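Using the UniProt record's numbering, read the sequence shown as starting at 1 and increasing by one per residue.
Down below is the structure, laid out as structure tokens.
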Amino acid sequence: MELTRENFRAMIYYDFRRGLSRQECIDQLTSTFGDKAPSFATVKRWYNEFNRGRRSLTDESREGRPKSVVVSENIDAVQKLIMQDRHVTYCEIETTLGISSTSIYEILHNHLAVKKMTQLVQMIYDGYQDLMDNKSDPRVNDWPMMSDPFPTLGICLFYAYFVKVLGPKMMENRKPFDLRRVMIWYNLFQVIFSTWLFNESLIGGWGGRYSFRCQPVDYSNDPIALRMARGCWWYYISKFIEFTDTIFFVLRKKNDHITTLHVIHHGCMPMSVWFGVKFTPGGHSTFFGFLNTFVHIVMYSYYLLAALGPQIQPYLWWKKYLTTLQMIQFILVMAHAFQLLFIDCNYPKAFVWWIGMHAVMFYFLFRDFYNEAYKKKNSKNAVGKQKDENEQNVSKDQENIKENSNEKSVIYANQYKMATGYISDSGLRNRVFIDNRGFNK
């Protein structure tokens, strides 16, 4: 006697009512019917149906259902089966729904795959909107450039394109601009602006209110908390103003100054600071801005003095220590940020990694620049100096050899003494030369 699908479903339902597990049910069916027993996926699917309250063992009526036409009804039915059992087979779908395997293949690969991608895109978009609207600091959402990161990203990308490609191409057949006076005023502005930002960070927290060990963000409307938040926003704006450094290089045709380090450093900072202002405008990570504004006071003071002219150059011997100061800054930021990985602090760990890894990246970039600009330069100078000394020694040796050679070729009066005498022999007179070399004086 050939058992039907309904017979097997009755057995599955019986085991379900007895309280057996899916595995126990399939073990009993397999031991009794062998290869003719339904698959584990079928047993699992029917257990799910019975759990949802189904009691009918027959297939639902499918009158008028297209057998090979892919329509939304069949697509939804296939998707429902897959959601119920991720391991359902082609054969089981075909048997359950009564549609051809060709239609099943088309539904799975051409329709449900597109649906899945659409759902993924929608999920990403919804997550992004939730992040921007619900996870960010509501105090800054209406501030300029704070609604989303794309304007900042666009400006940073255009900056990189302009200083590396467009700008040098525009200046290719032009004379470099004389911007000395403009640079003097620009650097003076940067010194004043950086001093103001440094003072704001002191008043906002780092002058005594903040803890260097753990400082959560104050999201309240307290005047001091809002002052720190506004200081963070102005610090973000300052990163755009610093693009002017590179633009001056382009206009003065100092393209060798537009290094990879320079472009990465200036191009990444606005984007990096944007996330800080959007989500954590205050608290632990503002330590980076606190140090950075101080470094910029020193740095732009140097640039201001350098722009005053060559008469100031003898007093600018401390140039290389600017890079050292920047590397010390990054080491302090790393230590300050990563300490939160080992202590309990109500501060987002994501921003601990964000700030800490930025400091790591910039430290190694600046260290490579320092080695390239100063250590190798000193090494070259030492080699050049040694080479000059060697050349001087060789020149002196050659001169000594020449002088010695000349001395040997000259006939000195005291080396040769000539006496003239006449000896008569057969009436002939002979002149005699006497060489006294070898005789003691």
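All residues carry an ideal CB built from backbone N, CA and C; glycine is no exception.
Bear in mind that the values here come from a model prediction, so they are computed numbers and not experimental data.
Can you tell me the Cβ-Cβ gap for residue i and residue j, rounded? I've got them flagged as a contact below 8 Å.
i: Trp206; j: Phe287; result: 7 Å
i: Leu179; j: Arg252; result: 6 Å
i: Arg9; j: Leu81; result: With a Cβ gap of about 16 Å, Arg9 and Leu81 do not count as contacting.
i: Glu106; j: Val70; result: 5 Å
i: Met271; j: Thr152; result: 6 Å
i: Tyr347; j: Gly283; result: 6 Å
i: Thr323; j: Phe294; result: No, Thr323 and Phe294 are not in contact; Cβ-Cβ is about 15 Å, not under 8 Å.
i: His296; j: Gln190; result: 7 Å
If you draw a straight line from the alpha carbon of residue i to that of residue j, how long is it in whole angstroms?
i: Leu197; j: Pro314; result: 30 Å
i: Met228; j: Asp137; result: 13 Å
i: Gln326; j: Gly127; result: 37 Å
i: Ile331; j: Met269; result: 17 Å
i: residue 443; j: Pro168; result: Residue 443 lies beyond the range of the chain shown here (1 to 441); nothing can be said about it.
i: Glu49; j: Lys36; result: 22 Å
i: Asn221; j: Phe162; result: 40 Å
i: Gln79; j: Leu112; result: 7 Å
i: Met183; j: His336; result: 35 Å
i: Asp15; j: Asp27; result: 11 Å
i: Gly53; j: Leu20; result: 17 Å
i: Phe212; j: Lys239; result: 24 Å
i: Ser409; j: Trp317; result: With a pLDDT of only 45 at Ser409, under 50, the local geometry of the prediction cannot be trusted, and no value is derived from it.
i: Cys345; j: Gln215; result: 8 Å
i: Pro223; j: Met146; result: 20 Å
i: Asn51; j: Arg18; result: 13 Å
i: Leu3; j: Gly98; result: 19 Å
i: Phe158; j: Val88; result: 51 Å
i: Lys349; j: Gly309; result: 48 Å
Terminal residues of the continuous alpha helix (DSSP H) containing residue i?
i: Lys320; result: 320-338
i: Val43; result: 40-51
i: Gln215; result: Here Gln215 belongs to no alpha helix (DSSP H), and DSSP marks it neither H nor E.
i: Phe33; result: 22-33
i: Trp317; result: Note, Trp317: premise wrong, no alpha helix (DSSP H); not H, not E.
i: Pro151; result: 150-161
i: Gly356; result: 349-370
Subject >> Given 8 Å, three or more beta-carbon pairs between the stretch 262-278 and the stretch 354-363 >> reply: The stretch 262-278 vs the stretch 354-363: in contact.
Subject >> Any alpha helix (DSSP H) of 4 or more consecutive residues that is wholly inside the stretch 256-285 >> reply: 260-279
Subject >> the stretch 259-268 contacting the stretch 217-237, beta-carbon criterion three pairs below 8 Å >> reply: Contact between the stretch 259-268 and the stretch 217-237 is not established, with fewer than three Cβ pairs separated by less than 8 Å.
Original post:
Counting Cβ pairs, one atom from each stretch, are 3 or more of them under 8 Å apart for the stretch 360-367 and the stretch 287-301?
Top reply: no
**OP:** Go through the stretch 72-138 residue by residue and report every complete run of the beta strand (DSSP E) that reaches 3 residues or more, in order.
**Re:** none
**OP:** Specify whether the stretch 241-248 and the stretch 328-348 touch according to this definition: at least 3 beta carbon pairs, one from each stretch, less than 8 Å apart.
**Re:** no
Original post:
Can you list the alpha helix (DSSP H) stretches of 4 or more residues lying completely in the stretch 216-259, in chain order?
Top reply: 223-241, 243-251
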